[in-house]
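Protein chains: 2
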Amino acid sequence: APVPKDVDYANYFCTYAFLYHQKEMLSDRVRMDAYFNAIFDNKKHFAGKTVLDVGTGSGILAIWSAQAGARKVYAVEATKMSEHARALVKANNLQNVVEVIEGSMEDVTLPEKVDVIISEWMGYFLLRESMFDSVIHARDHWLKPTGMMYPSHARMWMAPIRTGIVDHKLGEYESTMDDWRSFVDETKDYYGVDMSTLTKPFSDEQRKYYLQTSLWNNLHPHQVIGTAAIIKEIDCLTATVTDIEKVRSNFSLSITMENAKLCGFGGWFDVHFRGRSEDPAEQEIELTTAPSVDYGTHWGQQVFLLHPPMNLSEGDDLKVSFVMSRSKGNHRLMEVELGCEIHQHSGKLLAPFKNKYYIE
Amino acid sequence: APVPKDVDYANYFCTYAFLYHQKEMLSDRVRMDAYFNAIFDNKKHFAGKTVLDVGTGSGILAIWSAQAGARKVYAVEATKMSEHARALVKANNLQNVVEVIEGSMEDVTLPEKVDVIISEWMGYFLLRESMFDSVIHARDHWLKPTGMMYPSHARMWMAPIRTGIVDHKLGEYESTMDDWRSFVDETKDYYGVDMSTLTKPFSDEQRKYYLQTSLWNNLHPHQVIGTAAIIKEIDCLTATVTDIEKVRSNFSLSITMENAKLCGFGGWFDVHFRGRSEDPAEQEIELTTAPSVDYGTHWGQQVFLLHPPMNLSEGDDLKVSFVMSRSKGNHRLMEVELGCEIHQHSGKLLAPFKNKYYIE
Ligand SMILES: Nc1ncnc2c1ncn2[C@@H]1O[C@H](CSCC[C@H](N)C(=O)O)[C@@H](O)[C@H]1O
Ligand SMILES: Nc1ncnc2c1ncn2[C@@H]1O[C@H](CSCC[C@H](N)C(=O)O)[C@@H](O)[C@H]1O
Chain A
14 APVPKDVDYA NYFCTYAFLY HQKEMLSDRV RMDAYFNAIF DNKKHFAGKT
64 VLDVGTGSGI LAIWSAQAGA RKVYAVEATK MSEHARALVK ANNLQNVVEV
114 IEGSMEDVTL PEKVDVIISE WMGYFLLRES MFDSVIHARD HWLKPTGMMY
164 PSHARMWMAP IRTGIVDHKL GEYESTMDDW RSFVDETKDY YGVDMSTLTK
214 PFSDEQRKYY LQTSLWNNLH PHQVIGTAAI IKEIDCLTAT VTDIEKVRSN
264 FSLSITMENA KLCGFGGWFD VHFRGRSEDP AEQEIELTTA PSVDYGTHWG
314 QQVFLLHPPM NLSEGDDLKV SFVMSRSKGN HRLMEVELGC EIHQHSGKLL
364 APFKNKYYIE
Chain B
14 APVPKDVDYA NYFCTYAFLY HQKEMLSDRV RMDAYFNAIF DNKKHFAGKT
64 VLDVGTGSGI LAIWSAQAGA RKVYAVEATK MSEHARALVK ANNLQNVVEV
114 IEGSMEDVTL PEKVDVIISE WMGYFLLRES MFDSVIHARD HWLKPTGMMY
164 PSHARMWMAP IRTGIVDHKL GEYESTMDDW RSFVDETKDY YGVDMSTLTK
214 PFSDEQRKYY LQTSLWNNLH PHQVIGTAAI IKEIDCLTAT VTDIEKVRSN
264 FSLSITMENA KLCGFGGWFD VHFRGRSEDP AEQEIELTTA PSVDYGTHWG
314 QQVFLLHPPM NLSEGDDLKV SFVMSRSKGN HRLMEVELGC EIHQHSGKLL
364 APFKNKYYIE
């Protein structure tokens with residue numbers, strides 16, 4: 014069950030109320046170019062149409078939709094950022110087309126159904142933040158039967174990687190534990206209290222923090238040591254909350270590099286703007302957050318580390334079982350169970366492992 | 014009005030549920046020595062007595078109270094840290110004396126009234142976190158009429174300071190604004206949207222963040238350029254929430270250094286363990302968080318910066334008007350209004366200023 018509204022605000026929405034944070038998204042050229050091109054290369058989907066922007070933030074997508082000729086744009090935003098969006102709409106002379114509405118998408122009533130729902134709802138590794146739930150809600154309540162979704166499709170990806178962080182994080186974990194042991198000794202010596210019974214829970218807490226929490230990283234393509242697999246495909250027009258609240262997938266990855274050190278897995282996503290099959294985009298646009306030298310995004314990739322890393326070779330095959338579910342305490346965060354069997358090219362079968370990760 | 018419980022948990026209590034955070038407090042030698050000595054130098058206040066530890070965390074103060082001979086200790090803790098406290102009590106063989114109770118102090122029912130309330134409730138600049146409210150609640154409900162408070166007294170202090178941070182923060186603010194201006198230009202050029210209407214709100218947001226938010230700092234005593242004044246004195250046995258929820262004070266500070274650059278103000282606190290006037294401590298203990306070379310604490314000092322700094326001289330007098338109130342959205346955070354008139358030794362009266370600060 015989602016957490017109560019005010020808690021959700023304290024945990025989640027609050028950051029979006031800062032212009033600084035909106036500016037970070039607005040400065041992401043790959044993201045901006047994708048939405049800009051999706052709209053202006055497909056003006057026919059916007060000209061004369063009604064549009065709903067779910068989570069308008071600064072108002073940028075609503076403004077572009079209006080500039081592309083929309084008849085009316087409803088721009089819904091949960092936070093006080095709505096006031097800045099309204100000012101921006103006015104400053105760009107679009108107040109007759111764009112109506113900024115402050116409120117949760119789930120609570121808002123529109124005067125009509127819309128032709129297009131546009132939204133930038135993607136979190137780290139696509140589903141973190143669970144904001145797509147709100148887009149689904151909007152679609153099911155406010156999209157005309159003939160309407161379309163911008164973006165229309167989304168996919169999650171995973172690939173085996175190498176990275177120096179794996180040793181670094183293990184080092185940090187080990188030094189925090191060394192520190193703990195001195196602390197236990199000193200607390201006994203100076204203050205007569207034996208803390209050693211907390212060593213195990215402290216170690217668990219620190220393992221979770223240093224070793225099991227996925228990391229934001231801007232991977233270089235050279236760090237990818239094998240094939241990438243699609244974990245999940247989403248059709249934004251038909252997906253339900255049930256489809257996305259638990260992601261289960263089994264897939265294979267092959268090492269494509271000689272003497273590759275498997276340090277973990279990188280996860281990313283892409284989305285596509287294809288319009289609707291009956292009324293496809295003139296120009297299909299892709300927004301990918303895959304490892305890239307020149308086209309990195311603020312999403313980067315999520316890295317799931319493997320401790321200890323394993324030495325593998327070209328042609329080794331990984332059979333991965335992946336389960337991602339929402340955290341019990343906070344439905345916007347994720348927990349991942351990643352199991353792996355490795356069939357080596359030599360014919361040897363390595364001992365399988367199963368790790369738990371947290372996307373915080 | 015305090016925020017709802019679950020929001021309070023999301024904003025505040027959550028950090029205390031980590032052993033890592035408890036360890037930081039347990040590693041603060043000045044803090045630990047003060048409470049340790051307060052208890053063991055005044056065993057007569059504990060031997061055979063009933064004690065309540067408000068916010069026991071790891072259980073340390075409850076365990077010491079028991080080791081000092083308490084008959085019974087109630088150790089109340091709001092977070093799951095209570096489970097670790099219970100394990101620690103057991104590992105130190107005190108489970109017959111210390112009873113760990115998980116719950117908010119405000120919700121807990123004890124089987125009896127107590128002789129001593131001990132608590133480490135102090136936040137940055139004493140009152141941040143507003144945890145003393147819970148101690149007052151405990152005292153008014155569970156302390157015997159003859160009972161005593163550990164600590165028994167608390168004071169807030171302020172002094173004029175010099176610090177290099179003042180230029181550093183101004184530099185950060187200016188570079189974030191330079192960045193913003195390029196962003197506005199590029200967004201207009203590349204994406205056809207004029208963001209300049211948001212320049213003022215962005216600047217306000219960044220000023221608040223870089224220039225008006227008080228900073229944690231471990232000041233060197235040489236950075237204090239004048240006399241320190243007491244802002245507020247609290248008798249823990251009698252203070253009410255009304256006494257502390259708004260702190261108003263007018264006080265004078267004198268510059269004691271030649272050619273001193275006034276860069277802002279440092280705020281700190283001390284608490285004393287004096288027992289009760291009818292039954293005073295045998296050994297009075299002080300815990301101070303004043304600037305110190307060898308006895309720094311995890312509280313450090315809070316620094317309120319002055320932009321731009323002012324060149325002053327020995328003998329210049331500052332008349333300060335200080336008002337601290339709780340933030341509207343979060344009663345555990347504070348807002349400060351600090352007005353100042355400067356009478357120079359030369360007889361000159363400088364233009365007064367009044368600044369707003371946030372203790373976040
Ligand atoms: N259920 C909901 N109702 C309204 N706004 C929501 C929402 N869930 C998330 N949001 C808002 O959606 C925004 C997502 S960030 C994207 C902002 C903007 N569309 C842009 O592309 O730059 C945030 O501002 C967030 O506050
Ligand atoms: N109203 C309340 N009821 C119960 N516990 C509270 C409380 N307000 C704060 N706390 C707890 O009080 C602790 C304060 S930190 C001090 C911990 C411990 N007494 C020590 O000295 O090391 C935190 O663990 C916090 O979770």
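Heads up: the sequence lines are chains A and B, in that order.
So that you can map any letter, position 350 of the first sequence is 363 in full-length UniProt numbering, and since no number is skipped, the others follow by simple counting.
So that you can map any letter, position 164 of the second sequence is 177 in full-length UniProt numbering, and since no number is skipped, the others follow by simple counting.
Backbone N, C-alpha and C define an ideal beta-carbon position, used for all residues, glycine too.
A contact between stretches requires three or more CB pairs, one per stretch, nearer than 8 Å, and the region 178 to 191 of chain A fails this requirement with the region 289 to 304 of chain A. Under DSSP, Arg-152/B forms no beta bridge with any residue.
In this structure, DSSP gives Ala-30/A a helical state, which the three-state scheme calls helix. Gly-82/A has a beta carbon lying at 9 Å or more from every beta carbon in chain B. Contact residues of the region 15 to 45 of chain A toward chain B are Pro-17, Asp-19, Val-20, Ala-23, Asn-24, Phe-31, Leu-32, Tyr-33, Lys-36, Leu-39, Ser-40 and Met-45 (C-beta to C-beta distance below 7 Å). Scanning chain A for C-beta atoms nearer than 7 Å to the C-beta of Tyr-204/B yields Met-45 and Phe-49, reported in chain order. Asn-50/B carries a helical assignment under DSSP once its states are collapsed to helix, strand and coil. Taking non-hydrogen atoms of ligand 1 into account, the C-beta of Ser-132/A is found less than 8 Å away from one of them. Note on Leu-318/A: 16 or more other CB atoms within 10 angstroms of its CB, so buried under the neighbour-count rule. For the 9 Å CB-CB criterion, Met-161/B and Asp-292/B form a contact. Contact of Phe-196/A with chain B is assigned, a C-beta pair being separated by under 9 Å.
Only those residues of the region 96 to 109 of chain A whose C-beta falls short of 8 Å from the nearest C-beta of chain B are listed: His-97, Ala-100, Leu-101, Lys-103, Ala-104 and Asn-105. Lys-62/A places its beta carbon 9 Å or farther from that of Val-110/A. Take the alpha-carbon of Glu-373/B and the one of Gly-328/A: they are about 54 Å apart.
Taking 8 Å as the cut-off, the C-beta of Val-67/B counts as close to a heavy atom of ligand 2. Our two residues, Thr-92/A and Ser-305/A, have alpha carbons roughly 33 Å apart in a direct line.
In this structure, Pro-234/B and Lys-274/B do not form a Cβ contact; the two beta carbons are roughly 16 Å apart against a cut-off of 8 Å.
Annotated three-state conformation of Leu-346/A is coil, per DSSP.
Check the Cα spacing between Asp-307/A and each of Arg-42/A, Ile-52/A and Asp-283/A: the tightest is with Arg-42/A. In chain order, Ala-104 and Asn-105 make up the part of chain B whose C-beta sits under 7 Å from the C-beta of Asp-207/A. Relative to the Cα of Leu-65/B, the nearest Cα in the group Leu-101/B, Val-129/B and Tyr-22/B belongs to Val-129/B.
DSSP assignment within the region 151 to 200 of chain A yields the following whole beta strand (DSSP E) runs of 3 residues or more, N-terminal first: 156 to 163 and 166 to 174. Its Cα nearest to that of Asp-120/A, the residue Lys-18/A stands out among Ala-60/A, Lys-18/A and Leu-32/A.
By the Cβ neighbour-count rule, Asp-217/A is exposed, with fewer than 16 other Cβ atoms within 10 Å of its own.
Taking each of Arg-168/A, Val-89/A, Ala-75/A and Lys-36/A in turn and checking the Cα distance to Phe-286/A, the smallest one comes out for Arg-168/A. The beta-carbon separation of Glu-348/A and Lys-367/A, rounded to 13 Å, does not stay under the 8 Å limit for a contact. With distances taken between CA atoms, Val-206/B lies nearest to Trp-77/A out of Glu-112/A, Asp-202/A and Trp-77/A. Contact between Val-67/A and Val-148/A holds, with the beta-carbon distance rounding to 5 Å and staying under 8 Å. Identification of residues in the region 213 to 235 of chain B having a C-beta nearer than 8 Å to some C-beta of chain A yields Pro-214, Phe-215, Glu-218, Gln-219 and Tyr-222, given in sequence order. Leu-300/A has a beta carbon lying at 9 Å or more from every beta carbon in chain B.
In this structure, Ser-40/A has its CB at a distance of at least 8 Å from all heavy atoms of ligand 1. Judged by DSSP secondary structure, Thr-212/B falls within the alpha helix (DSSP H) whose first and last residues are 212 to 220. Short of 6 Å from the beta carbon of Thr-226/A, and not among the five residues preceding or following it, lie these beta carbons of its own chain, in chain order: Tyr-371 and Glu-373. Ser-95/B is not a Cβ neighbour of Leu-211/A, given a cutoff of 9 Å. Ile-130/B does not reach chain A, its nearest Cβ partner there being about 21 Å away, counting only Cβ pairs nearer than 9 Å. In the DSSP assignment, His-58/A forms no beta bridge with any residue.
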